[in-house]
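Down below is the structure, laid out as structure tokens.
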Amino acid sequence: MSNKKIVEVKFLEEIDELYDEFLDDKKGFQFGTGFDKYSIERNINFLYSAIAVAEKYWLGVVVNLEKRSITTFNCAAMKSTYASLVPYVKAYAMALPFMIRNFFKDVSMDTSKFSIKIVSKGFPQVLKIEDSGVYALKLIE
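Each residue of the sequence shown is one higher than the last, beginning at 1 in the UniProt record's numbering.
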């Protein structure tokens with residue numbers, strides 16, 4: 001059985017806020033003790049959250065720490081393309097490996113970028129962009 005953790009939207013927003021600073025010094029940058037409040041432990045394999053892109057549009061996000069991947073569920077494929085969504089997820093793919101290494105204080109941990117997968121097929125699509133938040137949460141369930 002895999003261990004899962006739901007992290008609030010603020011977790012990903014904080015990564016966004018610190019991303020430029022992180023890019024300036026990837027190896028030396030510390031994400032700060034504020035991230036400790038999210039209680040991500042070694043036995044956690046999956047993180048679940050959602051991110052807002054373009055004002056009212058929400059994407060469900062599943063981070064697989066074991067397989068080093070980030071999957072997002074695009075429930076508005078007619079409006080948002082793969083290429084338009086990758087920039088929103090790229091910061092997490094770059095920063096999370098370093099954050100996890102810092103959380104666990106394990107300098108031998110792999111810090112290469114997580115893979116990104118944006119899924120747009122095989123589930124219902126929203127008719128109104130305002131409904132995407134409900135869809136995002138349902139899709140990561």
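Note that beta-carbon positions come from the ideal geometry of N, C-alpha and C, so glycine has one too.
Its Cα nearest to that of TYR82, the residue ILE116 stands out among ILE116, PHE29, ILE44.
By DSSP's assignment, ASN3 forms a beta bridge with ILE44.
VAL53 is the residue among SER69, VAL53, PHE104, PHE98 whose C-alpha sits nearest the C-alpha of LEU85. Annotated as proximal: ALA91 and ASP16, with beta-carbon spacing under 9 Å. Taking a cut-off of 8 Å on C-beta distances, the segment 125-137 touches the segment 65-80, as three or more cross pairs fall below it. Relative to PHE31, the option among ILE6, ARG101, GLY133 whose CA is nearest is ARG101.
Taking C-beta atoms as the reference points, ARG68 and PRO97 count as a pair closer than 9 Å.
For TYR82, the enclosing alpha helix (DSSP H) starts and ends at 82-104. Using a Cβ distance threshold of 9 Å, ILE118 and SER49 do not count as a contacting pair.
Judged by DSSP secondary structure, LEU59 falls within the beta strand (DSSP E) whose first and last residues are 57-64. For a cut-off of 8 Å, the C-beta gap from ASN45 to GLU66 is around 5 Å, short enough to register as a contact.
Collapsing the DSSP output to three states places ALA136 in a helix. Rounded to whole angstroms, the separation of the alpha carbons of LEU47 and SER132 is 20 Å.
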